[in-house]
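See structure below.
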Amino acid sequence: MSIPHFHTLKIKDITKEMPDCVSVALDITPELKSSFQYQAGQYITFKKVIQDEEVRRSYSLCSSPLEDDFRVAIKQIKGGLFSTFANQDLKIGDEVEVMTPMGNFTSEVNATAKRNYLAFAAGSGITPMLSLIKTILWSEPQSTFTLIYGNQSIQTILFKEELEALKNRYMERFQIVHILSRERMETELNYGRINAEKCEQLSTHLIDFQQMDQFFICGPEEMILGVKDYLIQKGVDEHRIRFELFTNSSSTKARKAYQEAHQEESEKMCHVTIKVDDRSFDLQLAYGGDSILDAALKSGADLPFACKGGVCCTCRAKVVEGTVDMEVNYALEKDEVARGYVLTCQSHPTSDRVVIDFDVR
Ligand SMILES: Cc1cc2nc3c(=O)[nH]c(=O)nc-3n(C[C@H](O)[C@H](O)[C@H](O)COP(=O)(O)OP(=O)(O)OC[C@H]3O[C@@H](n4cnc5c(N)ncnc54)[C@H](O)[C@@H]3O)c2cc1C
Ligand code: FES
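Shown next, in the form of structure tokens:
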């Protein structure tokens, strides 16, 4: 994995998937093919100045690396800066700044594997799942995939036709269970929200969770945490559960709480060295002050970042000397943290000398 960089790409296609959602395909020129190679489940990040503000927003690729298509789907959020721009103003032929693909919400595909995958998605959380479903069905002929997909109603099911076509083509290996929160279907099982209670119903009537090898969850925070806790409580090894969170609703609160908790240490200073693109530079940073990423950006560094909320992993780097504390981490796996990787947008020094290396991916 090399350090992510932005490139200028042309919009190749825009398809209105639903009244409030477009899918956007990008033209990857032959010379950029290797930089934009990706694994199913990864995301890209757009950079755009909107209303005099530079915004960076990440979108999971919904295409499969096995297709000749490089596509994301962007659901319009009420009042949302980038999603409104993408749904209303973006045109075929426009040029956009796009960062190379990143992310841990992936699975190593293996043609001889015989695995059972179980995925939980709600709303636009289907995007990385669609990429995973296609890739796994196409490249692991002995594996099965079960998708539990939550939406408000049949009308709001994103990629309904594409999923149905996959279901018809791979009847023996691909199963979809729709859960609708505002429309009743044939059984009680299909009505409601995806949460621990729904998981219990599914496990009693339809799905043998113990037979599943890998679990993917993508949707609102409440759903992710509910399903994850349920699975762990039922004895599923945490290492087999991957989740992708699109927004951290409490990032401002978490920053404030961290700064308040470390108020007494605000006089303590750390000498931070940042290594990036084979260069290094130094800065002084208070223990409970800015995050390491923010401090470095303020001093003029060009570092990779996107959400600044601990949910993507664009700002990932390795602590090679000293110690740091993270406010939140929704993106790094436990073993990455054990190997010294941190989300720099969430990191604060806890020793008087810290060296952070962005080049060790
Ligand atoms: C790894 C990753 C992958 C993602 N993949 C996708 C994807 O495939 N498709 C997709 O549509 N989005 C995806 N997102 C979310 C996306 O990056 C943006 O957060 C989203 O489009 C909103 O951006 P905005 O600029 O329109 O809204 P903003 O201007 O950032 O936000 C406006 C308001 O809406 C709230 N808000 C922001 N996001 C949401 C949300 N998802 N639901 C409800 N309220 C929200 C904000 O708190 C704020 O109050 C992903 C995010 C991450 C981190
Ligand atoms: S920028 Fe997304 S986790 Fe730091």
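Heads up: the sequence shown begins at 9 in our numbering, then just goes up one per residue.
Beta carbons are placed, not taken as given, at the ideal position from N, Cα and C, and that holds for glycine.
Is Arg65 near ligand 1 - that is, is its Cβ less than 7 Å away from at least one heavy atom of it? yes
Cβ neighbour criterion (16 or more within 10 Å) applied to Thr255: exposed
Opening and closing residue of the beta strand (DSSP E) in which Asp343 lies: Per DSSP, Asp343 belongs to no beta strand (DSSP E); it is in the alpha helix (DSSP H), Lys342 to Ala346.
Thr260 burial status per 10 Å Cβ neighbour count (16 or more: buried): exposed
Distance between Leu166 and Thr212 (C-alpha atoms, nearest Å): 28 Å
Measure how close the beta-carbons of Val80 and Ile36 come, nearest whole angstrom, since I'm counting them as under 8 Å. Incorrect: roughly 13 Å between the Cβ atoms, too far for contact.
Is Tyr349 near ligand 1, in the sense that its beta carbon is under 7 Å from a heavy atom of that ligand? no
Just the Cα atoms here: how many angstroms apart are Cys29 and Ala173? 20 Å
Would you kindly check if the distance between the Cβ of Leu340 and the Cβ of Cys323 is under 8 Å? no
Quick one: does Val345 have its CB under 8 Å from some CB of chain C? Here chain C cannot be found, since the structure has a single protein chain.
If you draw a straight line from the C-alpha of Val185 to the C-alpha of Asp290, how long is it? 53 Å
Comparing alpha-carbon positions, which option in Gly133, Ala94, Ala129 and Gln160 lies nearest Thr154? Ala129
So, does the segment 88 to 99 touch the segment 14 to 23, judging by three or more C-beta pairs under 8 Å? yes
So, do the segment 128 to 143 and the segment 60 to 80 have three or more beta carbon pairs nearer to each other than 8 Å? yes
8 Å Cβ cutoff met for Val106 and Phe182: no
Cβ-based burial, Val328 [other Cβ within 10 Å; buried from 16]: exposed
Taking the DSSP output, what are the residues bridged to Val350? Ala325
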